[in-house]
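Per the working numbering, the sequence shown starts with residue 143, numbered consecutively. For glycine and all other residues, C-beta sits at the position ideal for the given N, C-alpha and C. All values reported here derive from a predicted model rather than from experimental measurement.
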Amino acid sequence: INPFTGLSGYTPSEVSSRPLIVSINNAPPARPQWGLTSPDMILEFEAEGGVTRMLWVYAKAENMPEKMGSMRSARHYFVEMVEGFDAIFLHWGGSTFAYDRMKNLKTDHIDGITYSDKYFARDKSRNVALEHTGYTTGANMIKAIKDLKVRTDIKEDYKYPFTFAPENAPRALSGQDCSSILAVFSSSYKYTFKYNAEDNKYYSFINNNKTVDDKGEQVAVENVFVLYANVESMGTDKGHVTYDLTKGEGLYVYGGKAEQIKWEKGSDRDMLKLYDLSGKELVINPGKSWMGFVKSANAGQTEIQ
143 INPFTGLSGY TPSEVSSRPL IVSINNAPPA RPQWGLTSPD MILEFEAEGG VTRMLWVYAK
203 AENMPEKMGS MRSARHYFVE MVEGFDAIFL HWGGSTFAYD RMKNLKTDHI DGITYSDKYF
263 ARDKSRNVAL EHTGYTTGAN MIKAIKDLKV RTDIKEDYKY PFTFAPENAP RALSGQDCSS
323 ILAVFSSSYK YTFKYNAEDN KYYSFINNNK TVDDKGEQVA VENVFVLYAN VESMGTDKGH
383 VTYDLTKGEG LYVYGGKAEQ IKWEKGSDRD MLKLYDLSGK ELVINPGKSW MGFVKSANAG
443 QTEIQ
């Protein structure tokens with residue numbers, strides 16, 4: 143199975159491939175993003191000033207789309223997530239904290255700053271600021287990985303980060319009814335996921351507007367996770383924040399239900415793990431996922447209907 147969706151069709155060699163994680167811009171000038179509906183899983187975090195950035199997760203390089211972007215710079219807590227999946231990190235620039243973390247951990251990463259003219263490009267057709275124009279392609283990244291001789295075989299302990307129910311026998315969640323869920327990162331980044339029973343998917347809205355890709359297709363996922371984490375200011379001039387990714391609580395939403403869960407990560411190279419309230423590893427239903435790491439201070443603003 144695909145280790146991030148639980149869907150069948152993967153060969154043993156594909157499961158043995160390292161995933162790829164791409165740092166993606168979510169500022170209004172960067173929308174709609176190129177390739178937004180393509181990832182196996184989307185992780186979302188707060189960055190400076192209450193804006194969010196996304197990490198697009200692909201189980202293998204061949205899953206990447208023709209065009210991905212706009213790409214943005216790394217943050218040190220992105221690096222922690224990348225290392226926890228033994229992934230190859232694709233980004234365009236980074237904070238000093240991120241570069242320090244990648245250097246210390248010897249993170250395998252491909253940086254648009256370094257390879258802007260070789261494996262990355264800019265699309266200036268939208269007439270927005272330069273930082274919103276950077277993109278890459280799946281083909282370019284496959285070539286870059288080969289040219290740069292990046293390790294492509296995943297470490298054994300990282301092959302299966304999540305536990306999935308069988309594709310033909312999803313489990314019914316035990317929690318409350320959930321036809322929609324609101325997750326608040328900040329006053330200007332509020333996500334609502336609305337359930338459609340006909341296709342068993344949750345459709346994404348940001349600030350009450352459909353979350354769509356460059357082709358107008360709306361983001362729709364089977365699984366929604368709202369994970370609460372402590373987020374603190376680092377006191378820098380640029381307003382950097384840091385995430386405590388040790389452990390926390392959260393919600394798992396699927397099939398019109400919302401279930402309370404716990405999560406743990408620990409240190410840099412530890413894998414993100416999800417648990418039910420009894421402490422057993424969470425059984426996730428197959429499908430694509432959106433996972434938002436919302437600061438604990440905003441937990442009270444989460445709304446379930």
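Cα-Cα separation, residue i to residue j
i	j	result
L185	I348	15 Å
Y345	V361	6 Å
Y417	N427	14 Å
K430	T179	10 Å
D250	P154	23 Å
L290	Y300	22 Å
Y241	A311	43 Å
A323	A286	First, the residue type needs correcting, since residue 323 is Ile and not Ala in the sequence shown. If I take the Cα positions, the gap works out to 39 Å.
Y261	Q402	42 Å
G177	K407	28 Å
E374	H218	13 Å
E222	Y337	31 Å
P171	G421	42 Å
L419	N269	49 Å
L197	M244	16 Å
Of the listed residues the options, nearest to residue i (C-alpha basis)
i	options	result
A281	K336, E208, T238 and M196	E208
K357	M413, H218, P174 and A263	P174
A314	H274, Y277, G398 and K422	G398
L272	T278, T279 and R264	R264
T147	S375, E359 and E364	E364
N144	Q402, G408 and T305	T305
K288	I252, S322 and L419	I252
L247	D412, N440 and A441	D412
A307	L424, W198 and S375	L424
Y152	F231, Y302, S267 and D242	Y302
N440	M376, K343 and V326	V326
S258	S267, K245 and M283	M283
R460	D355, E156, A229 and Y396	This structure cannot settle anything about residue 460, because the visible part of the chain is limited to 143 through 447.
T278	G211, K245 and T378	G211
F335	R195, H218, E222 and T444	T444
G226	G442, D410, N342 and T275	D410
Y396	E188, V221, K343 and V224	K343
M376	N269, G276, N350 and F239	F239
Close beta carbons around residue i, own chain, < 7 Å, minus the five adjacent residues each side
i	result
Y200	P161, L162, P181, D182 and M206
Cβ neighbours of residue i in the same chain (closer than 6 Å, five flanking residues each side left out)
i	result
A400	G317, Q318, C320, L393 and I446
W474	An answer regarding residue 474 cannot be provided, because it is not within the stretch 143 to 447 covered by the chain.
Y331	T194
L414	G226 and K407
Neighbourhood of residue i by C-beta distance below 8 Å, restricted to the same chain and skipping five residues each side
i	result
S329	G192
A371	Y385, D386, L387, G390, F435, V436, K437 and S438
D295	S158, S159 and R160
T256	none
E298	none
A339	G398
E190	K380, G381, H382 and V383
Cβ-Cβ separation, residue j to residue i (assumed contact under 8 Å), whole Å
i	j	result
S237	A216	7 Å
S150	H233	Not confirmed; about 31 Å, so no contact.
N168	M213	No, N168 and M213 are not in contact; Cβ-Cβ is about 11 Å, not under 8 Å.
V366	W432	5 Å
Any non-hydrogen atom of the ligand MG within 7 Å of residue i CB
i	result
M213	Looking for the ligand MG in the displayed structure turns up nothing, as the structure carries no ligands at all.
Beta strand (DSSP E) segments (min. 3 residues) lying fully within the region 372-421: Look at the region 372-421 and you find these whole runs of beta strand (DSSP E), each 3 residues long or longer: 383-386, 389-396, 399-406 and 415-417.
At which residue ranges does the region 248-318 contain complete beta strand (DSSP E) runs of 3 or more residues, listed in the order of the chain? Runs of the beta strand (DSSP E) lying entirely within the region 248-318 and spanning at least 3 residues, in chain order: 251-253, 262-264 and 276-278.
May I have a chain-ordered list of the beta strand (DSSP E) segments no shorter than 3 residues that lie completely inside the region 188-237? 194-200 and 230-233, all fully within the region 188-237.
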